[in-house]
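In this note's numbering, the protein residues as written are 61 to 666.
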């Protein structure tokens, strides 16, 4: 209606303007003074018309004229005095103004309605955009290939089959085999699961849709399920293609019937994901990849065959794999001749690929900070200590008395660690505060080990409690510096009794029962034994710890002179490496053993 009013007003205005133009242009224009002279001379013929300040008429020679009087108040008198007939016509300003007013109002109403409609549409699109998945496409310029991934050869071989499935599915189908729908990458953080997925993207040369598990669920109900539908809709349009969902545990946690139960938004999203993975055939050329470091919390319906057919385990790298990872991350960096990557690989057991990449990067930063042209072995050692033990806090002011307590505490750890068999070598001991620790004894294994004996753990407990024993022997007091040692020791002793069956009294029984709670499968412990058995467990744990402390005390008392020598050397040099420790203890290089844990005194301990 508003639009029609505007159109009608414009048509009328144009018609009026055109008529006025025609009416005006057909007459000769003269000045008002000339008009008055012609009136006085009697050259005016017939009747003149006066309209909106204009005077229209005809001269005796037949010429039509017009002039603007400026609404002269004496005009009518002059015409009467000269016996000239005149006819005033009503003004059309009111009608014109009315039309222009209506047009203006209609225009602004139309403009307001148009803006409101645009805003409503934009708001609707913004709301509805929540239901759209926004998968990331990998950078085609900086492709990552399998050559950039080291240390997980078995996983690479498994994933290379994805590319073969997509390129030549008939090769596998001719004998009745079906191409797997899903590949689930599991493993500890930093082992290269996401990097492997990017390598598949670089090698596959097919569309690669990547999303994080946390990208699905928003504050609006139903958004997660809608995004899952949209993701698979896009995939079917782009097939053959690969869908990669990183950190799938954010959306794939096991469903429970507790508070909220099946009405939980995350569960609706998971249900939709399960439906979509059932809703396409392997012949369509869509393969779903997912990664998580929490496979224990995933819903069994998600991990069953038919959805994720293959589970690819990406483990922590062994010594050979770590060396390959060092080579990958140092291939574009200038290294000094003294850098030995094999030694670095042996000195970094238990580290993931991300940790190794961090060490290499820290070494490069340290070398650049010192103005070096190449990265040498010393830079790598400093970077390794920084990553493993924390940053040195040289600005922390510690009194001489506290330095002495810390020195004897760490000397006790080191002495007992070097005196016991079946434990790993001490790599370094320091009383310089690092991270949250005021002092630290760092020990590393000589090789990767996957199983340990009960004697190893009993000796490790001796070394853990040796710092506390040294404090009691030297100062006759107990200090808070043993807080972290006691936590680790108690946890080890509890596992020895409750999980590993290393208690002769209680025998080969597991007393740990873990159960998942409803909102997210957080693990809780439920006791499945009597009060008497619980009491016996506590007694066995206490017995193991007391025996370990007693053994550590005996070793320190027997070697008191070596304890004093180590403590004095620490007070003087602050940091001792393995060779210096062997020299102080009078051992040949390589004698004595240690283990791969860090003995720390926490920040608020002594």
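Glycine included, every Cβ here is placed at the ideal spot set by N, Cα and C. Everything numeric in this text was worked out from a predicted model, so none of it was measured.
Minimum C-alpha distance to residue i - residue among the options
| i | options | result |
| --- | --- | --- |
| residue 447 | 592, 464, 419 | 419 |
| residue 550 | 235, 614, 608, 539 | 608 |
| residue 333 | 375, 466, 273, 392 | 273 |
| residue 208 | 540, 390, 459 | 390 |
| residue 57 | 486, 553, 533, 504 | What the structure shows of the chain is the stretch from 61 to 666, and residue 57 is not part of that stretch, so it cannot be assessed. |
| residue 344 | 229, 558, 102, 426 | 229 |
| residue 445 | 559, 244, 472, 504 | 504 |
| residue 366 | 243, 168, 512 | 243 |
| residue 222 | 212, 213, 235, 241 | 241 |
| residue 591 | 397, 571, 210 | 571 |
| residue 374 | 545, 218, 482 | 218 |
| residue 604 | 620, 616, 564 | 564 |
| residue 226 | 234, 239, 215, 216 | 239 |
| residue 453 | 634, 213, 269 | 634 |
| residue 406 | 507, 493, 294 | 507 |
| residue 214 | 371, 524, 311, 606 | 371 |
| residue 545 | 93, 631, 347, 498 | 498 |
| residue 104 | 122, 562, 114 | 122 |
| residue 312 | 100, 326, 302 | 326 |
| residue 98 | 138, 133, 627, 336 | 138 |
| residue 301 | 276, 275, 286, 257 | 257 |
| residue 338 | 457, 289, 297 | 289 |
| residue 555 | 543, 601, 534, 519 | 601 |
| residue 615 | 124, 639, 299, 480 | 480 |
| residue 606 | 92, 177, 102, 522 | 522 |
| residue 133 | 410, 328, 113, 259 | 113 |
| residue 531 | 463, 561, 388 | 463 |
| residue 632 | 613, 512, 542, 489 | 489 |
| residue 641 | 487, 518, 246, 203 | 487 |
| residue 212 | 377, 459, 368 | 377 |
Residue i - partner residues in DSSP beta bridges
| i | result |
| --- | --- |
| residue 148 | 110 |
| residue 735 | What the structure shows of the chain is the stretch from 61 to 666, and residue 735 is not part of that stretch, so it cannot be assessed. |
| residue 272 | 306 |
| residue 17 | As displayed, the chain neither begins before 61 nor continues past 666, which places residue 17 out of reach and without an answer. |
| residue 230 | According to DSSP, which records beta bridges pairwise, residue 230 is partnered with nothing at all. |
| residue 313 | 358 |
| residue 349 | 243, 304 |
| residue 117 | 125 |
| residue 637 | 488 |
| residue 373 | 246 |
| residue 330 | None; residue 330 has no bridge partner. |
| residue 105 | 118 |
| residue 435 | 395 |
Exposure of residue i, with buried meaning 16 or more beta-carbon neighbours within 10 Å
| i | result |
| --- | --- |
| residue 461 | exposed |
| residue 106 | exposed |
| residue 510 | exposed |
| residue 501 | buried |
| residue 598 | exposed |
| residue 477 | buried |
| residue 622 | buried |
| residue 79 | Note that residue 79 has pLDDT 49, beneath the 50 cutoff, so the model's placement of it is unreliable and the number below is only indicative. Looking at its Cβ environment, which holds fewer than 16 other Cβ atoms inside 10 Å, residue 79 is exposed. |
| residue 646 | exposed |
| residue 485 | buried |
| residue 314 | buried |
| residue 536 | exposed |
| residue 330 | buried |
| residue 527 | buried |
| residue 408 | buried |
| residue 403 | exposed |
| residue 392 | exposed |
| residue 399 | buried |
| residue 145 | exposed |
| residue 267 | buried |
| residue 93 | exposed |
| residue 216 | buried |
| residue 655 | For residue 655, the predicted model reports a pLDDT of 40, less than 50, meaning its position is unreliable and no value from the coordinates is stated. |
Quiz item: Are the segment 295-311 and the segment 345-354 touching, with three or more C-beta to C-beta distances below 8 Å?
Solution: Cβ pair count under 8 Å is three or more, so yes.
Quiz item: Do three or more CB pairs link the segment 264-284 to the segment 374-394 at distances below 8 Å?
Solution: No, the segment 264-284 is not in contact with the segment 374-394.
Self-check item: contact_flag[the segment 406-422, the segment 241-254] where n(CB pairs < 8 Å) is 3 or more
Solution: Two segments are said to touch when three or more pairs of C-beta atoms, one from each, lie closer than 8 Å; by this definition the segment 406-422 touches the segment 241-254.
Quiz prompt | Secondary structure, beta strand (DSSP E): runs of 3+ residues fully inside the segment 543-629 | solution = Those beta strand (DSSP E) runs which fall completely within the segment 543-629 and span 3+ residues are 574-576, 583-585.
Quiz item: Would the segment 164-171 and the segment 128-137 be scored as touching if the rule is three or more Cβ pairs under 8 Å?
Solution: The segment 164-171, when compared against the segment 128-137, does not touch it at the 8 Å Cβ threshold.
Quiz item: So, do the segment 458-475 and the segment 425-441 have three or more beta carbon pairs nearer to each other than 8 Å?
Solution: Taking one beta carbon from each stretch, the segment 458-475 and the segment 425-441 have fewer than 3 pairs nearer than 8 Å; the two do not touch.
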